[in-house]
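Asker: First, the structure itself, so that you have it in front of you.
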Amino acid sequence: MFHVSGVDLVTTVCRSGAIGAFPTANARSVEELEHWLIRIEHDLAKLDQPAAPYCPNLIVRETRFKDDLACLIRHRVEIVITSVGSPTAAISPLHEIGCLVFAGIASLRHAERAIKAGADGLILLTAGAGGHTGWVNPFTFVRSVRAMFDGPIVVAGGVTDGVSLAAARLLGCELACMGTCFIATHESMASDAYRQMLVDSTLDDVMLTRAFSGLGANMLRPSIVVAGLDPSKLDEAVSEARAKEQFGGKTSEGPRRWIDIWSAGHSVSGVRSIMGAAELVKELARQYEEAVASWV
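In structure tokens form, the structure reads like this:
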């Protein structure tokens, strides 16, 4: 949800009863992150009944990691995701304020390290996730991790609808992470063109490539073409540093990743319309309840 999930989407999802997450790096500075947290807390505090908690995502390899972590500690957040790196540096200070830490992992080795570090929950990044993705089949991954960990497991990647959520629970997960369908909501920070491309695309339009970040990422092939690039001629051996020079920001040589070239997961096949986030959560809940009832 890089450059997509912001205050409006998070608060709407939380008010609707689901956990709203966002990368802290979506705020352009630590000062803006502070402002975001104040707005989120204010909006959720006004409700007549408790909302679901919001969940910042700390990207461990971001240069702002320590400053963002300190900001989250000041605000005594309830849940934090750590991603793209070991959660070790975040766990102790967050536990001191009673915060739960869910570590994003992509392999059994990552799982073992996160468990040893004291992570409260594990988010399993599986094949088919949007943006930086995993490579492991979710069925095998969940069952293998469940054999070594009795805490909360969250599956991420390819979760399309309420039926997928029910299947994740049956598989052994407490929660599932959904991103692509929420990009296509009115409250996301995505452009209208991005939202419409999600509606118009299927999983066949999703391309796994290292070209834009030096790491495997699922991107929308049509957005690559619109940006003036040939998907068949991308540099799949590019380093992270060189990818940043080419696609990483305002001074980059080519179109900007995440801004001009858009990501999506395999679940894009389930995005059929642009709707409000509250409406989407309600629809997912209905689908989930019907799926569970059909198994009884």
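Under our numbering, the first residue of the sequence shown is numbered 225, with each subsequent residue one higher.
Where a beta carbon is used, it is the ideal one built from N, C-alpha and C, also for glycine.
Around the Cβ of SER497, are there at least 16 other Cβ atoms within 10 angstroms (buried) or fewer (exposed)?
Answerer: exposed
Asker: In its own chain, which residues sit with a C-beta less than 8 Å from the C-beta of LEU504, not counting the 5 before and 5 after it?
Answerer: CYS405, PHE406 and THR409
Asker: Identify the residues that DSSP records as bridge partners of ALA335: which are they?
Answerer: In the DSSP assignment, no residue is bridged to ALA335.
Asker: Check the DSSP bridge columns for THR384 and list the partner residues they point to.
Answerer: Answer by DSSP bridge pairing: none, since THR384 is not bridged.
Asker: For chain C, check one thing: does any of its Cβ atoms lie closer than 8 Å to the Cβ of GLU336?
Answerer: Among the chains in the structure shown there is no chain C, since it carries only a single protein chain.
Asker: Given a cut-off of 8 Å, decide if GLY309 and VAL284 are closer than it, judged by their beta-carbon atoms.
Answerer: yes
Asker: Smallest Cα separation from MET225: which of ARG263, ILE305 and VAL254?
Answerer: ILE305
Asker: Three-state secondary structure (DSSP) at CYS238?
Answerer: helix
Asker: Rounded to the nearest angstrom, how far is the Cβ of THR350 from that of VAL369, given a contact under 8 Å?
Answerer: So it is not a contact: roughly 11 Å between Cβ atoms.
Asker: At the level of alpha carbons, what is the spacing between LYS468 and ALA435?
Answerer: 10 Å
Asker: Out of curiosity, what's the CA-to-CA distance linking GLY440 and GLY489?
Answerer: 12 Å
Asker: Specify whether the region 386-400 and the region 505-517 touch according to this definition: at least 3 beta carbon pairs, one from each stretch, less than 8 Å apart.
Answerer: yes
Asker: Hey, could you find the ends of the alpha helix (DSSP H) ILE315 is sitting in?
Answerer: 312-319
Asker: Pull up the distance between the alpha-carbon of ALA245 and that of LEU318, whole angstroms please.
Answerer: 17 Å
Asker: Can you give the Cα-Cα distance for ASP538 and GLN420, rounded to whole angstroms?
Answerer: Absent from the model: residue 538. The displayed extent of the chain is 225 to 520, so no value can be given.
Asker: I'd like to know whether the C-beta atoms of ARG445 and PRO455 end up nearer to each other than 8 Å.
Answerer: yes
Asker: Is DSSP giving ARG481 helix, strand or coil here?
Answerer: ARG481: strand per DSSP, three-state reduction.
Asker: Label PRO274 either buried or exposed according to how many other C-beta atoms from any shown protein chain fall within 10 Å of its C-beta, with 16 as the threshold for buried.
Answerer: exposed
Asker: Who does CYS401 pair with in a DSSP beta bridge?
Answerer: ALA380
Asker: I'd like to check one pair, ALA314 with LEU293: are the Cβ atoms closer than 8 Å?
Answerer: yes
Asker: Taking TRP519 as the reference, which of LEU394, SER240 and ARG263 has the closest Cα?
Answerer: LEU394
Asker: Compute the distance between the beta-carbons of GLY381 and ALA353, then report whether it is under 8 Å.
Answerer: yes
Asker: Identify the residues that DSSP records as bridge partners of LEU257: which are they?
Answerer: Looking at the DSSP output, LEU257 shares a beta bridge with no other residue.
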